[in-house]
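The letter at position 256 of the sequence shown is residue 270 when you use the working numbering, and the numbering goes up by one with no holes.
The beta carbon of each residue, even a glycine, is placed where N, CA and C say it ideally should be.
To start, the structure under review is shown below, and the notes come after it.
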Amino acid sequence: EKIQPKRAKANIWGIGDYISLQRLFKLRQPLGWNPKQDYDPWLLSLDPKAKSARARLLFREAWSLAKSLSTKEGGENNLKSLKEFDKKLITEINKPFKHLEDAELQILRSDLWFSIDRKLSSALLDELTKALKGRNFGEGIARQVFARFSVSSQLPLENARKWRTYLAGWGNLPGRDSDSLDPLSEPWMPQYLRLRSQRAREWKKLKTLNEALKQSIPEQIPDLFKEQWYAVLARGLMSQKAYGAAAVAWHKSSEFSASGKKLRYLELHRMALFFNEHEKGLQL
């Protein structure tokens, strides 16, 4: 049988098979099934000990609670709701921390308490920081903890609250005090977070990227952040065809990376050097 052109194209990319598979999944789901809302409760009905599913449901509940906490209305009721929800989180978290979800929920507790009790919020992160020295929960958790410590200690309370809300996933990227200010005039951690967000317009400009590459990073910043800082700068510079500067950034990223990543960054460094040397030929 001759395949029609449109269908042939769909088959080449696997689109037709993908659509058929999605329809099959839909047919097997209960009527009115909403995967985003119904999957985790269904999974818990099969396995009440599914920790990842319980954690996702708690995060969803926390998002609703955080919205009410951000308003000044219902002060005592909000505090009561937070204390009740905090008890649920405490029950769910293993001590000592055992699973990735335990660390994530501890960070969630700190985020929720930040606007009401900064001392308790900081103590919760301190507890997790000590645990990280004995267990490896991954680079992501380590960066999440340090970023929260940084914005909480370096920024005025109102700005710190905005950044903590952003880091928790409950708000948008905070705006700068003035668009006319030099992007590099902020403390280093907000600079890093804006660069990583890929949504800050000023951090897409070649001038900003070049100046950021030249500035020194505070000594207390862990290598985990320095590696990411230079890697994201390198990608931005590559997109701007500033291959020479990108090569420098890739090499700096390799200096702060673990051995498993170092070779990859050095390979990207050599690629950027090649593009820089043959840039005119590549444009032809």
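In this structure, residue 93 keeps its C-beta atom at 8 Å or more from the C-beta atom of residue 120. One thing to note: residue 175 has its Cβ no nearer than 8 Å to the Cβ of residue 239. Inside the segment 28-62, DSSP marks whole alpha helix (DSSP H) runs of 4 or more residues at positions 29-42, 49-60, from first to last along the chain. For the pair residue 80 and residue 182, the CB atoms are nearer than the 8 Å cut-off. Here residue 293 is near residue 257, since their CB atoms are less than 8 Å apart.
In the three-state reduction of the DSSP assignment, residue 265 falls in the helix class. Counting only residues of its own chain and dropping the five nearest sequence neighbours on each side, residue 76 has a CB closer than 6 Å to the CB of 122. Annotated three-state conformation of residue 250 is helix, per DSSP. Secondary structure note for residue 173: its alpha helix (DSSP H) is the uninterrupted segment 171-182.
Secondary structure in the segment 91-170: the alpha helix (DSSP H) runs of 4 residues or longer, each lying completely within the stretch, are 114-127, 132-146, 153-168 in chain order.
Taken through DSSP and simplified to helix, strand or coil, residue 258 comes out as helix. A buried status is given to residue 160, since no fewer than 16 other beta-carbon atoms sit within 10 Å of its beta-carbon.
Going by beta carbons, residue 286 and residue 267 fall outside the 8 Å limit. Taking a C-beta distance under 8 Å as the contact criterion, residue 54 and residue 67 qualify as a contact pair.
For the pair residue 226 and residue 207, the CB atoms are not nearer than the 8 Å cut-off. The alpha-carbon separation between residue 188 and residue 214 amounts to approximately 10 Å.
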